[in-house]
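What follows is one structure encoded as structure tokens, with my remarks underneath.
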Amino acid sequence: MTQKPVKRKFGREEKRVVTRTSRRRDRFEDNNEEIDQSDVSEDGDEEEEGDEDEEEVKRTIAIKRNKKGDNKMAYSALVTLLKSEHALDEFREDEEEEDLEKKQEINESDNDEEDEEDEENEENEDEEDEEEEENEKSEDELEEDELLNKYDAFNLHFNDEEKIEKIINKFDSLPASERRLKLVNKEEIIEGEDEDEEDEEKFIKYKYGYPQLDIDYSEKSGNGIERKLKYHNVKKRVQERFTSIGDIKKIDTSLIESMLTYESFNFQYSNNERIKEKYQDYYLLHIMNHLLKTRDTILNNNAKKALYEKKLKEGTAGDEEEPEFRDQGYTRPKVLILLPSKNFAYKVVNKMIKNFQMENVENKKKFKTQFYEESKIKDRVYNIKPKDFEEYFDGNTDDMFVLGAKYTRKTLKLYSPLEQSDIIFASPIGLLRLYDKINSKDEENDSKKKDRRDKEKKKEHELKNNFLSSIEICIIDKAEGIMFQNWDNINEIMRKHLNQIPKNFMNIDFSRIRMWAINGQNEYLTQIMCFNKFTTPEMMSIVKRSLNLINGSTSYLSIDNKSVIDKSNYKLFQMGVINKFERLKQMFLRFDIDMKSYVQEPEKRLEFFKNSILPQILNKTSYKYGTLIYIPSYFDYLRVKNFLQNDTSVSFVAIDEYSSNSKITRNRALFKNRSNLAPIMLYTERLHFYKRLDIKGVRNVIFYQLPSDGDFYEQVLGFIGNEKLRVTRDKMKIKVKNDDSDEEEEDDEEEDVDLNLCMVRSIYSKLDAMRYAPIVGSNNVGALTGESEITEFS
């Protein structure tokens, strides 16, 4: 009889071979009387080899038991040695280093096991194989797994029930005045080459926390991305993909650690193209690490539970208490990613497929059909738009979608039922419309007779309504796009739907639900990540209100070397509009408010406009026409419009995001042609974001409030430069035409545009710091906050 080759495995696989072999031997001895010896072995030599294999197995088990005993003795000796505080301080660093090395060895053997697993395409078979392997773990393996949890941010943030309960109870016992985030650290992160200042990247990192809870927020993970990944026990496969991205600088390392430690943070990427290309890869890998650890924790606890039940069945449990395994939420979805349009969702999902390196992606063709569209920017020569406009409005701009994705070991299933998904991609308005649809079905069922079928439908709708009840990571990506849609949608999702206790408890095993989830304390632990081009108070508040007690909150603000004013002047200089003798003066006018009554700021701003700005427009401007009033807030726009219409005799036209195309075209023409009906135009920021209109005839600009995006300030001032070029070009054409026809020059030709005579006024208050800082530059912020209420730039 041909002898079968002996399979040799290493690490944890070797232990599983020993366990399974022992079990097979026990079953063989129990049924020895019923089995014919001739069926077991036909060759005496093979029996002898079998005996030798059994002896080798016994020796292996004995060696492991001796090692385990030696480890326990060594640990006891170490505890005795470290009883004093002085010894603890002296040996802590060595202990952490040894534990880190052990963690890495176990992590590597764990990933060796994953690489040797058979390739199977059926999702159900994959999950059954994982559960079978985990349930066959030995006690030694389970103890080794616990070693990985010592510095693991996932376990420290979600699974350390005793620590979490202590911190939450202490927070709840504080008076209301003390339940506030405090600035615990401020750090400048500068990286770039000295010889080329344009390549320099500068960020300011503000770390907020709750020092009143005696929480230590200092970083102990060391320097370098590889060191940090190992310290936080990131899965080996995720570590490899992090490091394969390449070009990871200091700011990237800081951002990645904020993700891995489950800080809530706001990250402003501004116009940094390098960061914009990478930050989505970072948070997708963080999600992958989180889902892998969640699955491993659940399967590991399943194995412990099975081991205890086996002991209980065999009567060997003794006085051992039944362990609790609280490792889950109410529902499966753990990650919510909010995006402004299908075009962005399409890009993020494709990046996820690439980073996860999935062998099978279900419904990929359907996904491409519904989320992908060809480029709408067909001719860049004749349809010139800013780069960020092309980014937002190219491809599929539909903002109504909700997509579930289920992640298993080898398969990513798109369009999975939301309550069975791991990740949910959605637009804010799409998510709210879905809830409205579910609730409307519930009301429809309530109005009908309460028969059995209606009750079952209502339970089904309530179950679907619970899919956001256990979100642990919430990501708001491209937040500036969502801001221009309607930020109230984000507030409603956070307040009414995110992590609300379910109304229906069907198929929920309460013995596995974490206690802080049962107590409705998810808000203290949910990680919220907000990524945006520019930062607003609304974006900051959504992060600070997250109440992330364990790890606090962080704000990353990008600092550009050049202010928007410098960039604008340089662009006008390149256009040939300004020179040594001709400058565009820009005045910043401050109105003071009482910070205790900041809710009155809109009324104070309107009052300042009435008393200080409008008289200048009517009496002091060199050009009595061509005044554009740029208003970011739609509510302020209505205030100014109603005031000019009802309380003054000023002629004006107004266009906003709700104006029809015909009205926009007509009012633009009146304004350009210097009609007596349109010396002034009101123009909203939201209309500018969606249309990027080229407003002709602009000679004065009033910023009722500074733009949210500094690039908008530059684009609006560009209207004046374009008007000067247009007038000059038209005069040249008329002159050439008159020279050819020997006719005299017409008297009604347009007046030359002298930038020295153009008026640019910006109204601001102390609450506008996030708006004016990038526009005037960090070096000039002090001038705007000084004693003088008027500051001039040129």
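Note that this note's numbering has the sequence shown beginning at 174, numbered continuously upward. Cβ coordinates follow ideal geometry from the N, Cα and C atoms, glycine included. What you are looking at is a predicted structure, and each value in this text was computed from that prediction instead of being measured.
Anticipated Cβ contact below 8 Å, residue i with residue j, distance rounded
i, j, result
"L587", "F529", "At roughly 12 Å, the Cβ-Cβ gap does not stay under 8 Å, so L587 and F529 are not in contact."
"L356", "Y379", "6 Å"
"L745", "R934", "No, L745 and R934 are not in contact; Cβ-Cβ is about 18 Å, not under 8 Å."
"L860", "L850", "In fact, because the Cβ distance is near 20 Å, the residues do not count as touching under 8 Å."
"R840", "V826", "The residue asked about is misnamed: residue 840 is Asn in this sequence, not Arg. N840 to V826, Cβ: 4 Å. Contact."
"V900", "V926", "5 Å"
"S514", "D425", "Rounded, the Cβ-Cβ distance is 26 Å, inconsistent with contact."
"L641", "L671", "5 Å"
"E334", "R499", "6 Å"
"Y803", "F876", "5 Å"
"Y435", "A690", "Not really, about 15 Å apart at Cβ, beyond 8 Å."
"F376", "I398", "At roughly 16 Å, the Cβ-Cβ gap does not stay under 8 Å, so F376 and I398 are not in contact."
Option nearest residue i by Cα separation, candidates the options
i, options, result
"R847", "I701, L801 and I828", "L801"
"E374", "S684, I471, L730 and S795", "L730"
"E965", "E896, D884, V926 and L757", "L757"
"A326", "Y771, L402 and L957", "L402"
"Q694", "Q673, E711 and F678", "Q673"
"M688", "I337, S938 and I429", "I337"
"I596", "I602, L585, L605 and R606", "L585"
"I738", "S835, Y810, N332 and D882", "D882"
"R872", "F657, D820, K910 and Y796", "Y796"
"L511", "K343, L472 and V521", "V521"
"I655", "D425, L604, S600 and G488", "S600"
"D454", "I421, L485, A479 and Y481", "I421"
"Q878", "D733, G603 and R778", "R778"
"M573", "K939, N662, T470 and N342", "N662"
"N639", "I666, T821 and L720", "I666"
"V508", "V534, L458 and S548", "L458"
"G950", "Q747, Y856 and K735", "K735"
"I471", "N445, L485, E482 and R505", "R505"
First and last residue of the uninterrupted alpha helix (DSSP H) at residue i
i, result
"N475", "E446 to E487"
"S728", "Note, S728: premise wrong, no alpha helix (DSSP H); beta strand (DSSP E) at S726 to I732."
"Y697", "No alpha helix (DSSP H) holds Y697; DSSP gives it neither H nor E."
"I691", "M688 to I691"
"V926", "Looking at the DSSP string, V926 is not in any alpha helix (DSSP H), and its letter there is neither H nor E."
"S741", "V737 to Q747"
"F678", "Looking at the DSSP string, F678 is not in any alpha helix (DSSP H), and its letter there is neither H nor E."
"Y565", "K560 to F566"
"D820", "Y807 to D820"
"F517", "K515 to F529"
"Q501", "Unbroken run through Q501: none, as it is neither H nor E."
"D345", "E334 to S346"
"I411", "The amino acid at residue 411 is misidentified as Ile; the sequence shows Val. Taken as a continuous stretch (DSSP letters only), the alpha helix (DSSP H) holding V411 covers K409 to I418."
"T838", "N834 to K845"
"K869", "K869 -> no alpha helix (DSSP H), and no H or E assigned at all."
"M656", "A652 to N659"
"S394", "First-last for S394: undefined, no H or E at that position."
"A946", "A942 to V949"
"D425", "K423 to L433"
Start-to-end residues for the beta strand (DSSP E) that takes in residue i
i, result
"E360", "K355 to E364"
"I597", "I596 to A599"
"M854", "I853 to T857"
"A827", "V826 to I828"
"I766", "Looking at the DSSP string, I766 is not in any beta strand (DSSP E), and its letter there is neither H nor E."
"V534", "N533 to E535"
"Y580", "V575 to Y580"
"T964", "I963 to F966"
"T800", "T800 to I804"
Residues bridged to residue i (per DSSP)
i, result
"S935", "F761 and F876"
"V508", "I596 and I646"
"N439", "C703 and S728"
"F376", "I362 and S731"
"G382", "K355"
"L587", "A578"
### Query
When the Cβ atoms of the region 884-894 are set against those of the region 850-868, are three or more pairs found closer than 8 Å?
yes
### Message
Does the contact criterion of 3 or more C-beta pairs under 8 Å hold for the region 692-707 versus the region 439-448?
### Response
yes
### Query
Using 8 Å as the Cβ pair cut-off and three pairs as the minimum, do the region 687-706 and the region 643-656 touch?
yes
### Query
Between the region 448-466 and the region 408-428, are three or more C-beta pairs nearer than 8 Å?
yes
### Task
Taking 8 Å as the threshold, find out whether the region 422-441 comes into contact with the region 717-730 through three or more Cβ pairs.
yes
### Task
Taking 8 Å as the threshold, find out whether the region 475-492 comes into contact with the region 572-581 through three or more Cβ pairs.
no
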